[in-house]
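Notes to accompany the following structure.
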Ligand SMILES: Nc1ncnc2c1ncn2[C@@H]1O[C@H](COP(=O)(O)OP(=O)(O)O)[C@@H](O)[C@H]1O
Ligand SMILES: [Mg+2]
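Residue numbers (our numbering), protein chains in the order written: chain F, 282 to 540; chain P, 18 to 265.
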């Protein structure tokens with residue numbers, strides 16, 4: 282029993298060590314080799330395009346259901362739908378926009394990255410990169426870090442807007458809230474720091490997705506089956522980490538006054 | 018010349034390379050034979066720095082490359098060596114000519130405008146004209162091997178390392194790859210190191226053969242010497258393989 286726990290702990294320590302090594306060497310290679318600008322653009326576009334439709338749908342329906350729930354709750358309490366725009370706006374911009382977008386991107390683009398790099402690992406393409414004088418960090422890992430760091434915040438802002446629009450649709454059609462009231466409820470109370478709270482978090486999430494998806498791919502082993510396993514693990518680890526880090530970063534941001 | 022002394026590599030608990038010493042002369046075709054899992058690929062990867070040996074020395078043109086090397090020194094080794102992977106290891110996100118030109122950027126000083134021409138020239142050398150724009154998924158096994166060979170020779174290495182160059186190919190394509198290896202050796206004056214369990218290939222084109230078993234060399238010498246070896250493992254291996262090939 283204790284031996285099993287010890288073994289698991291050792292394995293975890295090894296994984297953390299490998300992750301640290303990968304991230305550190307990626308950081309080092311940013312300065313050691315010229316940036317692969319073409320790759321960065323290609324990956325950013327790919328991640329953005331891959332994820333845009335799913336993140337849009339997710340935030341549209343999230344905005345819609347937020348309006349519905351808050352509208353009917355306040356109707357039953359106060360006989361009219363009050364502050365629907367505020368509830369939808371704040372929930373989306375500060376929390377649900379960044380978190381749900383990150384989770385969807387982890388499932389869509391993060392999984393794709395792990396599968397791609399994992400396949401390259403088990404078919405010796407990563408070794409081939411080395412023999413041809415190209416460092417996998419600078420050719421594969423760094424461009425994907427940049428891509429996630431660019432694409433995810435953009436997707437997040439886009440999701441915020443779509444979600445607010447979804448809430449608007451429901452509140453005007455189903456709850457008969459005047460459009461000026463809905464938007465006043467958002468923009469009279471919303472401050473830049475509220476927006477920044479969610480926006481800053483999306484960079485942390487992007488970092489998590491890039492780290493986890495590249496790491497799981499680079500250290501995949503054991504043929505096609507191994508790549509499948511790595512891909513599943515990548516999505517699960519990203520999601521759990523996103524939700525956990527979300528709490529701590531939120532607390533930190535609140536503590537420094539960006540709430 | 019590659020001079021290897023007492024090379025040891027373990028993947029605990031397994032001893033994969035257990036004290037390998039041999040010398041590969043400049044210009045020769047050197048084959049390494051042996052059953053699967055005896056560390057042949059591991060050995061080849063040590064030569065190009067993909068694997069770090071636990072102990073021992075590898076002198077590449079007089080310089081020991083087995084220790085801790087800086088990135089710059091590793092890059093110098095890679096410039097000297099081309100590696101042909103068992104399954105080709107072609108980049109499937111790139112087309113044929115982009116694959117061939119891949120090593121030019123970091124291993125040579127060739128101007129980027131000339132990459133395409135260089136790639137075409139190398140493709141011609143392996144008999145693949147007019148396939149510059151094909152996707153990797155459109156290639157047959159034999160074509161993949163040839164594209165991989167073109168990619169390995171493109172930066173102009175003086176050593177070519179082949180991992181199982183004919184495995185998984187039909188006999189005719191295998192024969193063609195064997196001819197290409199011989200041709201590369203003569204035209205480009207490269208030193209070739211071939212890992213294989215294809216007896217016919219090794220006997221036909223090698224100047225020297227080392228037979229690996231359990232991480233040790235159990236026989237080394239000219240093809241003739243290997244053929245007449247008294248070692249039972251070698252004899253058995255040769256007999257079984259020639260039966261499968263159906264001749265000699
Ligand atoms: N990265 C690795 N980790 C653990 N074991 C390995 C690794 N690479 C090779 N091995 C083991 O080393 C042995 C020799 O492998 P290899 O050099 O590929 O043999 P060969 O090419 O002669 O068939 C095998 O038993 C294999 O399981
Ligand atoms: Mg092998």
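Cβ coordinates follow ideal geometry from the N, Cα and C atoms, glycine included.
CA-to-CA, the gap between residue 229 of chain P and residue 182 of chain P works out to about 17 Å. Taking the CA atoms as reference points, residue 121 of chain P sits about 27 Å from residue 396 of chain F.
Here DSSP, grouped into helix, strand and coil, assigns residue 426 of chain F to helix.
Residue 441 of chain F places its beta carbon 7 Å or farther from that of residue 385 of chain F.
Unbroken alpha helix (DSSP H) stretches of 4 residues or longer found wholly inside the stretch 214 to 263 of chain P: 216 to 222, 240 to 244 and 249 to 262, given in chain order. Taking 7 Å as the upper bound on Cβ-Cβ separation, chain P lies near residues 404, 405, 406, 408, 409, 411, 412, 413, 414 and 415 of the stretch 403 to 416 of chain F. Look at residue 81 of chain P here: in three-state DSSP terms it is strand. For the options P:166, P:31, P:32 and P:153, the alpha carbon positioned closest to that of residue 140 of chain P is the one of P:166. Residue state for residue 98 of chain P is assigned as strand, using DSSP reduced to three classes. A direct Cα-to-Cα measurement between residue 239 of chain P and residue 216 of chain P gives close to 13 Å. Straight through space, the alpha carbons of residue 462 of chain F and residue 449 of chain F are spaced by roughly 10 Å.
Assigned with DSSP and collapsed to three states, residue 485 of chain F falls in helix.
At a cut-off of 7 Å between beta-carbon atoms, residue 104 of chain P makes contact with chain F.
It is roughly 8 Å from the alpha-carbon of residue 194 of chain P to the alpha-carbon of residue 162 of chain P.
For chain F, the residues of the stretch 73 to 104 of chain P that bring a beta carbon within less than 8 Å of one of its beta carbons are 88, 92, 95, 96, 98, 99, 100, 102, 103 and 104, in chain order.
For residue 455 of chain F, the three-state secondary structure derived from DSSP is coil. Any Cβ of chain F closer than 7 Å to the Cβ of residue 120 of chain P would place that residue at the interface, and such an atom is present. Pairwise C-beta distances place the stretch 106 to 122 of chain P in contact with the stretch 146 to 154 of chain P, as three or more of them are shorter than 8 Å. If you draw a straight line from the Cα of residue 377 of chain F to the Cα of residue 303 of chain F, it is about 30 Å long. Close CB contacts of residue 336 of chain F within its chain, under the 6 Å cut and outside five residues either way in sequence, are with 382, 385, 436 and 440 (chain order). Under the three-pair Cβ rule at 8 Å, the stretch 28 to 48 of chain P counts as touching the stretch 57 to 65 of chain P. Within the stretch 132 to 195 of chain P, the complete alpha helix (DSSP H) segments at least 4 residues long are 132 to 142 and 158 to 170, listed from N- to C-terminus. Taken through DSSP and simplified to helix, strand or coil, residue 48 of chain P comes out as strand.
Within the stretch 120 to 152 of chain P, the residues whose Cβ lies closer than 8 Å to some Cβ of chain F are 120, 122, 123 and 124, listed in chain order.
Within the stretch 41 to 69 of chain P, the residues whose Cβ lies closer than 7 Å to any Cβ of chain F are, in chain order, 65 and 67. Secondary structure at residue 69 of chain P: coil, using DSSP grouped into helix, strand and coil.
By the Cβ criterion, the stretch 415 to 423 of chain F is in contact with the stretch 314 to 323 of chain F, since at least three pairs of Cβ atoms, one from each stretch, lie closer than 8 Å. Selection F:503, F:515, F:476 and F:501 evaluated against residue 492 of chain F yields F:515 as nearest (Cα-Cα).
For residue 32 of chain P, the pairing in a beta bridge is given by DSSP as P:27.
Contact between the stretch 210 to 224 of chain P and the stretch 530 to 540 of chain F is not established, with fewer than three Cβ pairs separated by less than 8 Å.
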